[in-house]
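Participant: Below: one structure in structure tokens.
Residue numbers (our numbering): 2 to 428.
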């Protein structure tokens with residue numbers, strides 16, 4: 002039968018012993034059956050005015066155990082006690098950390114392991130990075146390994162690159178893990194086009210805004226096709242980079258370089274105002290010419306081709322020619338030609354081409370009337386007759402007149418007067 006059991010517990014303090022610092026212990030439960038535990042309360046007393054710091058650094062400490070069986074027998078053993086370093090209790094690493102796509106959520110898996118035979122309850126897990134943060138509570142049993150899943154969502158304008166995040170795990174404000182990890186943000190291209198109509202009166206155009214919503218630099222070209230007329234009438238802002246002509250179509254290229262988040266504005270205008278104005282002037286001119294010609298389709302001229310007199314005589318024979326021409330674009334119907342011969346000249350009796358429908362004597366001479374049923378466009382009618390009379394500078398043949406109806410109104414075309422005083426040629 003055992004006579005007694007005495008435990009002597011000596012803890013080695015980490016600091017050098019100071020005479021003013023007293024250490025005493027008080028047994029709380031110093032009697033125990035085999036297999037049970039004993040406990041003591043350690044008292045530290047600082048007799049100095051200054052404060053003192055007492056720590057037990059991590060490491061292995063010996064507890065000297067003496068067992069007295071009887072007065073002649075003593076058994077001594079050294080029991081090793083380990084004080085753990087907070088930073089050597091757990092490990093952490095990512096079992097899955099894929100390349101992060103800024104356009105969608107990425108699931109990361111962090112593996113945390115308790116490598117010591119102590120329970121860790123209610124620890125704080127904090128993940129920090131330039132783009133996301135995460136915090137949660139964590140508990141680990143002895144030697145437990147746990148995989149923690151957490152989503153990563155970053156802004157979609159983050160550039161493609163490698164970045165660093167930091168994982169901290171602490172227990173009661175004691176830092177247990179502080180470890181950096183590198184993660185990669187993948188690239189994606191996303192160029193948006195906003196096309197706005199920029200048209201006005203007789204001007205067509207567009208303003209195109211290109212924005213790089215991706216996270217990498219974009220080097221591309223914007224193209225637009227124009228036909229010949231539109232190309233010749235176009236203006237571009239900015240200046241085009243290249244022009245290709247294929248099958249009569251002009252393809253315009255604007256090369257652009259956009260940083261992530263950068264925008265570029267491209268515009269063009271096709272101005273039809275001046276061509277339309279010129280075309281309207283041409284149409285008006287043609288219309289005016291057409292109307293003028295329609296209203297003045299018939300042109301009449303009168304001339305004396307030749308004169309001669311019998312040898313030694315004073316009376317001359319003259320041939321008068323009247324030319325009627327339709328210079329309009331349409332046939333003219335019911336044209337009346339009227340010519341007069343002054344009373345100083347004998348009334349004509351010989352007609353070469355067309356005989357008049359009426360000849361009428363009037364006090365100042367004779368009036369001849371020809372009724373022409375139809376004169377086609379571009380057609381000419383010629384009337385000629387002979388007259389006899391004495392030459393005099395005072396004798397003038399009156400104008401011949403052509404009367405017809407155009408657009409509902411009566412039109413009269415007149416030839417010029419013909420003087421007989423200088424006509425000396427012979428027929």
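Think of the CB as a built atom: it goes at the ideal place given N, C-alpha and C, for glycine as much as any other residue. Note that this is a predicted model, so its numbers are computed, not measured.
Under a three-way DSSP split, which group does residue 279 fall into?
Facilitator: Indexing the chain shown from 1 puts residue 279 at position 278. Helix, per DSSP.
Participant: Out of 204, 133, 158 and 29, which one is the CA nearest neighbour of residue 152?
Facilitator: Residue mapping note: residue 152 aligns to position 151 of the chain shown, counting from 1. Nearest of 204, 133, 158 and 29 to residue 152, Cα basis: 133.
Participant: In its own chain, which residues sit with a C-beta less than 6 Å from the C-beta of residue 175, not counting the 5 before and 5 after it?
Facilitator: The residue given as residue 175 occupies position 174 in the chain shown. Once the five neighbours on either side are set aside, the close Cβ partners of residue 175 are 87.
Participant: Could you compute how far the alpha carbon of residue 199 sits from the alpha carbon of residue 261?
Facilitator: Counting from 1 along the chain shown, the entry for residue 199 is found at position 198. Counting from 1 along the chain shown, the entry for residue 261 is found at position 260. Rounded to the nearest angstrom, the two C-alpha atoms are 27 Å apart.
Participant: Provide the residue span of the alpha helix (DSSP H) that contains residue 184, from first to last.
Facilitator: Counting from 1 along the chain shown, the entry for residue 184 is found at position 183. Taken as a continuous stretch (DSSP letters only), residue 184 belongs to no alpha helix (DSSP H), being part of the beta strand (DSSP E) at 175-186.
Participant: Just reading off the alpha helix (DSSP H) that residue 230 is part of, what are its end residues?
Facilitator: Counted from its first residue, the chain shown places residue 230 at position 229. 229-233 is the span of the alpha helix (DSSP H), which, as asked, contains residue 230.
Participant: Any beta carbon from chain E within less than 8 Å of residue 398's own beta carbon?
Facilitator: The structure shown contains no chain E; it holds only a single protein chain.
Participant: Between the C-alpha atoms of residue 413 and residue 381, what's the straight-line distance to the nearest angstrom?
Facilitator: Taking the first residue of the chain shown as position 1, residue 413 is located at position 412. Taking the first residue of the chain shown as position 1, residue 381 is located at position 380. Near 17 Å, if we compare the C-alpha coordinates of residue 381 and residue 413.
Participant: Evaluate the contact criterion for the region 174-188 versus the region 82-98: three or more CB pairs, one atom per stretch, below 8 Å.
Facilitator: With the cut-off at 8 Å, the region 174-188 and the region 82-98 touch.
Participant: Just to confirm, are residue 128 and residue 81 a CB contact at a threshold of 8 Å?
Facilitator: Counted from its first residue, the chain shown places residue 128 at position 127. Counted from its first residue, the chain shown places residue 81 at position 80. Going by C-beta atoms, residue 128 is not nearer than 8 Å to residue 81.
Participant: Would you identify the three-state DSSP class for residue 416, choosing helix, strand or coil?
Facilitator: Residue mapping note: residue 416 aligns to position 415 of the chain shown, counting from 1. Residue state, collapsed to three classes: coil.
Participant: So, with DSSP's three-state summary, where would you put residue 88?
Facilitator: What you label residue 88 is simply residue 87 of the chain shown in a count that begins at 1. Helix, per DSSP.
Participant: Decide if residue 121 is buried, meaning its Cβ has at least 16 other Cβ atoms within 10 Å, or exposed.
Facilitator: Sequence index remark: in the chain shown, residue 121 carries index 120 (1-based). Residue 121 should be labelled buried.
Participant: Residue 43 to residue 61, Cα distance in whole Å?
Facilitator: Your numbering for residue 43 matches position 42 in the chain shown. Your numbering for residue 61 matches position 60 in the chain shown. Computed Cα separation, rounded: 19 Å.
Participant: Rounded to the nearest angstrom, what separates residue 193 and residue 208 at their Cα positions?
Facilitator: Counted from its first residue, the chain shown places residue 193 at position 192. Counted from its first residue, the chain shown places residue 208 at position 207. C-alpha separation (whole angstroms): 14 Å.
Participant: I need the straight-line Cα distance from residue 242 to residue 195, nearest angstrom please.
Facilitator: Here the question's residue 242 lines up with position 241 in the chain shown. Here the question's residue 195 lines up with position 194 in the chain shown. Going from the Cα of residue 242 to the Cα of residue 195 covers about 20 Å.
Participant: CA-CA distance, residue 421 and residue 281?
Facilitator: Counting from 1 along the chain shown, the entry for residue 421 is found at position 420. Counting from 1 along the chain shown, the entry for residue 281 is found at position 280. When rounded, the distance between both Cα atoms is 49 Å.
Participant: Give the DSSP-derived three-state secondary structure of residue 362 in the structure shown.
Facilitator: Position 361 of the chain shown, counted from the start, is the residue given in the question as residue 362. Reduced to three states, the DSSP call for residue 362 is strand.
Participant: Here's the rule: buried if 16 or more other CB atoms are within 10 angstroms of the residue's CB, otherwise exposed. What is residue 52?
Facilitator: For the purposes of this step, residue 52 is taken as the residue at position 51 of the chain shown. Its Cβ having fewer than 16 others within 10 Å, residue 52 is exposed.
Participant: Cβ of residue 145 within 8 Å of Cβ of residue 123?
Facilitator: Sequence index remark: in the chain shown, residue 145 carries index 144 (1-based). Sequence index remark: in the chain shown, residue 123 carries index 122 (1-based). No. Outside cutoff.
Participant: To the nearest angstrom, report how far apart residue 290 and residue 328 are at their CA atoms.
Facilitator: Against the chain shown, residue 290 aligns to sequence position 289. Against the chain shown, residue 328 aligns to sequence position 327. The straight-line gap from Cα to Cα measures roughly 11 Å.
Participant: Based on Cα-Cα distance, which residue from 161, 191, 204 and 205 lies nearest to residue 184?
Facilitator: Reading the chain shown from its first residue, position 183 is the one you call residue 184. With distances taken between Cα atoms, residue 184 lies closest to 161.
Participant: List the endpoints of the continuous beta strand (DSSP E) containing residue 190.
Facilitator: Residue numbering aside, residue 190 sits at position 189 when the chain shown is read from its first letter. Looking at the DSSP string, residue 190 is not in any beta strand (DSSP E), and its letter there is neither H nor E.
Participant: Alpha carbon to alpha carbon, how far is residue 163 from residue 63? Give it in angstroms, no decimals.
Facilitator: Here residue 63 refers to the residue found at position 62 when the chain shown is read from its first residue. Here residue 163 refers to the residue found at position 162 when the chain shown is read from its first residue. The alpha-carbon atoms of residue 63 and residue 163 are separated by roughly 49 Å.
Participant: Let me know if residue 416 comes out buried or exposed under the rule of 16 or more other beta-carbons within 10 Å of its beta-carbon.
Facilitator: Taking the chain shown and counting its residues from 1, one reaches residue 416 at position 415. Label assigned to residue 416: buried.
Participant: From what residue to what residue does the beta strand (DSSP E) around residue 165 run?
Facilitator: Residue numbering aside, residue 165 sits at position 164 when the chain shown is read from its first letter. Here the beta strand (DSSP E) through residue 165 covers 162-172.
Participant: Do residue 204 and residue 271 have their beta-carbon atoms positioned less than 8 Å apart in this structure?
Facilitator: For the purposes of this step, residue 271 is taken as the residue at position 270 of the chain shown. For the purposes of this step, residue 204 is taken as the residue at position 203 of the chain shown. Yes, Cβ-Cβ distance for residue 271 and residue 204 is below 8 Å.
Participant: Closest to residue 206 by CA distance: which of 32, 371 and 234 is it?
Facilitator: The residue labelled residue 206 in the question sits at position 205 within the chain shown. With distances taken between Cα atoms, residue 206 lies closest to 234.
Participant: By DSSP, does residue 401 sit in helix, in strand, or in coil?
Facilitator: For the purposes of this step, residue 401 is identified with residue 400 of the chain shown, where counting begins at 1. If DSSP states are grouped into helix, strand and coil, residue 401 belongs with coil.
Participant: Can you give me the start and stop residues for the beta strand (DSSP E) that residue 438 sits inside?
Facilitator: In this structure the chain extends from 2 to 428, so residue 438 is not present and cannot be described.
Participant: Taking the continuous beta strand (DSSP E) assigned at residue 124, which residues delimit it?
Facilitator: As a position in the chain shown, residue 124 is number 123, starting the count at 1. Note, residue 124: beta strand (DSSP E), 121-129.
Participant: Alpha carbon to alpha carbon, how far is residue 333 from residue 350? Give it in angstroms, no decimals.
Facilitator: Looking up residue 350 in the chain shown gives position 349. Looking up residue 333 in the chain shown gives position 332. Rounded to the nearest angstrom, the two C-alpha atoms are 29 Å apart.
Participant: Considering only the alpha carbon of each residue, which of 223, 283 and 278 lies closest to residue 265?
Facilitator: By 1-based counting over the chain shown, the position of residue 265 is 264. Minimum Cα distance to residue 265 is reached at 223.
Participant: Expressed to the nearest angstrom, what Euclidean distance is found between the alpha-carbon atoms of residue 288 and residue 259?
Facilitator: In the chain shown, the residue the question calls residue 288 occupies position 287. In the chain shown, the residue the question calls residue 259 occupies position 258. Residue 288 and residue 259: Cα-Cα distance of roughly 55 Å.
Participant: Leaving out five residues on either side along the sequence, give the residues of the same chain with a beta carbon under 6 Å from the beta carbon of residue 326.
Facilitator: As a working note, residue 326 is residue 325 in the chain shown. For residue 326, where only same-chain residues beyond five positions count, the Cβ hits under 6 Å are 300 and 381.
Participant: Hey, residue 214 and residue 191: beta-carbon distance below 8 Å or not?
Facilitator: Along the chain shown, one-based indexing puts residue 214 at 213. Along the chain shown, one-based indexing puts residue 191 at 190. Taking 8 Å as the Cβ cut-off, residue 214 and residue 191 qualify as a contacting pair.
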